[in-house]
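Mapping of the sequence shown onto my numbering: residues 11 to 370, in sequence order. Note that the Cβ used here is the ideal one computed from N, Cα and C, for glycine as well. In this text the structure is predicted, and so the values were computed from the model without any measurement.
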Amino acid sequence: MCSAILDLGAAPVDPDAYIRALMRWHFDPATGSPYWLRRAHTLDFDPLTEVGTFDDLTRFPNVVDEFRDIEVAELIPRGLTGADREIAGIFESGGTTGLPKRFVMFEPWMEFALGWDEFHYAGLGTVNTLAIAPSGPHMFGEFATRRARRHDGVKFTIDLDPRWIKQLLARGAAEEAERYAEHLIDQVGHILTTQSIGILITTPPLLERVARRPELVDSIRKQVRFICWSGAHMDADTRDIFRTEIFPGIPLKGLYGSTTILGMSRERGEDHPDGLPVFDAPSPYIAFRVVDPATGRDVAYGERGQVVMNHLTKYALLPNNTERDTAVKLPPLPGAWGCAVADVGPVETFGDRAVIEGVY
11 MCSAILDLGA
21 APVDPDAYIR
31 ALMRWHFDPA
41 TGSPYWLRRA
51 HTLDFDPLTE
61 VGTFDDLTRF
71 PNVVDEFRDI
81 EVAELIPRGL
91 TGADREIAGI
101 FESGGTTGLP
111 KRFVMFEPWM
121 EFALGWDEFH
131 YAGLGTVNTL
141 AIAPSGPHMF
151 GEFATRRARR
161 HDGVKFTIDL
171 DPRWIKQLLA
181 RGAAEEAERY
191 AEHLIDQVGH
201 ILTTQSIGIL
211 ITTPPLLERV
221 ARRPELVDSI
231 RKQVRFICWS
241 GAHMDADTRD
251 IFRTEIFPGI
261 PLKGLYGSTT
271 ILGMSRERGE
281 DHPDGLPVFD
291 APSPYIAFRV
301 VDPATGRDVA
311 YGERGQVVMN
321 HLTKYALLPN
331 NTERDTAVKL
341 PPLPGAWGCA
351 VADVGPVETF
361 GDRAVIEGVY
């Protein structure tokens, strides 16, 4: 049986007690997933007796590459029952660093993650949503669908295959990639100019393309009440131009996350002094570290390093995952684990592959 300390939204708890309960859940044969119960035998430490703090999670190897070809049934904790076991979807990573990785998203966690970000949308009322974003196996699209439902509206979307654009760019077919991207914006234009849209969800590269078309900018200014961006990097200058010149008066908020942590962090209300958004994760369920890629040691606040992500719930254990992004480390909110991040951007190479963002 799951300890109440692991229930979503439980009262603030002792961090060490939470980690110990999490280890008992994921490494007890009665409650753990087949994957972790098997993987435990290959570790050079005992998670049940040697992992009792957040810092101890650094002992785990980064295992997410193994999720490229593992059977998803192996990832389901045996202790999940009833509503806890209801699956919201099987989602895949974007494929930026190779073959996609697959993850199981459970319904309670999906709804918690959406609700955690709800305050950004408070007061919008009944509105329709346009998602200029990947759908199919991507978590991004499902979040957009559920966001629309929460506002009693419908979701409009377009056909978008981000992996195809990455393939085009990787082989140097820049002209073909450009034509495909403009084809996407053509689809967007037909929706924006014929339908009522209150929430726009997209990626920075696609928002930039939308902004090149005056008629679409005019349509957004007239009707859109909130713009959410995610899935790729946005620098401070571009963000400032969007907020002050192109879409003045429309809230523009970012989410930073990854399918490999089954969720996202949200933008703080206040900016970093240099105009960059600051992202906080929903502690204790998701927690960031920022490390020196050469040593793996945490960098100091204000310094740049590589982002390490942790997903820590009864639904999944994804510890110590080095991401393809670098960021500036900032202090977390009071009581939160790990750190906040700002100025997130992709590394040039990850493993032995060039990192190509494309449009997602």
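Taking 8 Å as the cut-off, decide whether the C-beta atoms of residue i and residue j are in contact.
i	j	result
Ala246	Leu210	no
Leu90	Tyr45	no
Trp119	Leu272	yes
Pro57	Tyr325	no
Ala141	Gly133	no
Ala191	Leu179	no
Leu265	Cys238	yes
Val300	Val351	yes
Measure the C-alpha to C-alpha separation of residue i and residue j and round it to an integer number of angstroms.
i	j	result
Arg30	Glu60	9 Å
Glu81	Lys111	11 Å
Phe153	Glu117	12 Å
Pro261	Lys176	30 Å
Asp24	Leu322	14 Å
Gly182	Asn138	37 Å
Met11	Glu121	Summary for Met11: the model assigns pLDDT 49, below 50, so the residue's position carries little reliability; its value from the coordinates is reported in the next sentence. Cα-Cα distance, rounded: 22 Å.
Asp54	Phe37	14 Å
Arg253	Gly99	34 Å
Ala310	Leu32	28 Å
His148	Leu109	14 Å
Ala291	Arg222	33 Å
Glu288	His193	The identity of residue 288 in the sequence shown is Val, whereas the question assumes Glu. Each residue's Cα considered, the two are about 33 Å apart.
Ala337	Phe298	11 Å
Gly279	Lys263	9 Å
Asn320	Ser275	12 Å
Gly125	Arg95	19 Å
Thr52	Thr269	25 Å
Ala40	Leu47	10 Å
Ser13	Glu185	55 Å
Asp162	Thr155	11 Å
Arg157	Phe257	21 Å
Ala20	Gly92	19 Å
Arg159	Ala143	17 Å
Ile251	Asp353	16 Å
Leu216	Val164	21 Å
Looking at C-alpha atoms only, which residue of the options is the closest neighbour of residue i?
i	options	result
Leu340	Arg160, Arg249, Glu277 and Leu328	Glu277
Asp169	His161, His200 and Thr68	His200
Asn330	Val318, Thr336, Ala337 and Leu322	Val318
Ile207	Ala123, Asp79 and Arg235	Arg235
Thr305	Tyr295, Ala326 and Thr332	Thr332
Leu226	Thr204, Ser240 and Cys238	Thr204
Ile15	Ala352, Pro356 and Pro294	Pro294
Pro214	Asp196, Asp228 and Ser240	Ser240
Asp308	Gly348, His161 and Thr155	Gly348
Glu218	Lys232, Ala184 and Glu255	Glu255
Val198	Glu185, Ile230 and Arg173	Ile230
Asp26	Thr269, Ser268 and Asp66	Asp66
Gly267	Pro342, Arg334 and Arg159	Arg334
Arg69	Pro356, Leu328, Asp353 and Pro344	Leu328
Leu18	Ile296, Ala352, Val351 and Ala40	Ile296
Pro356	Leu343, Ala350, Gly315 and Pro344	Gly315
Ala346	Gly42, Ala352 and Phe64	Phe64
Arg78	Val220, Val114 and Glu313	Val114
Val220	Gly92, Asp196 and Asp353	Asp196
Trp174	Phe166, Thr167 and Arg189	Arg189
Thr212	Thr167, Pro224, Gln233 and Lys232	Thr167
Tyr28	Asp171, Leu343, Ile97 and Gly62	Gly62
Any idea what DSSP makes of residue i, helix, strand or coil?
i	result
Gly146	coil
Gln205	coil
Val198	helix
Tyr45	helix
Glu102	strand
Ile15	helix
Ala20	coil
Ile260	coil
Ala132	coil
Ile175	helix
Gly125	helix
Lys324	coil
Tyr28	helix
Glu255	helix
Ala40	coil
Gly151	helix
Met244	coil
Gly348	coil
Ser229	helix
Asp94	helix
Return no unless some Cβ of chain C is closer than 8 Å to the Cβ of residue i.
i	result
Pro110	Considering every chain present, this structure includes no chain C. It has just one protein chain.
Check whether the segment 122-129 and the segment 92-107 touch, using three or more Cβ-Cβ pairs below 8 Å as the test. The segment 122-129, when compared against the segment 92-107, does not touch it at the 8 Å Cβ threshold.
Quick test of the definition: if touching needs 3 or more C-beta pairs under 8 Å, does the segment 70-78 touch the segment 241-258? Counting Cβ pairs under 8 Å, fewer than three are found: no touch.
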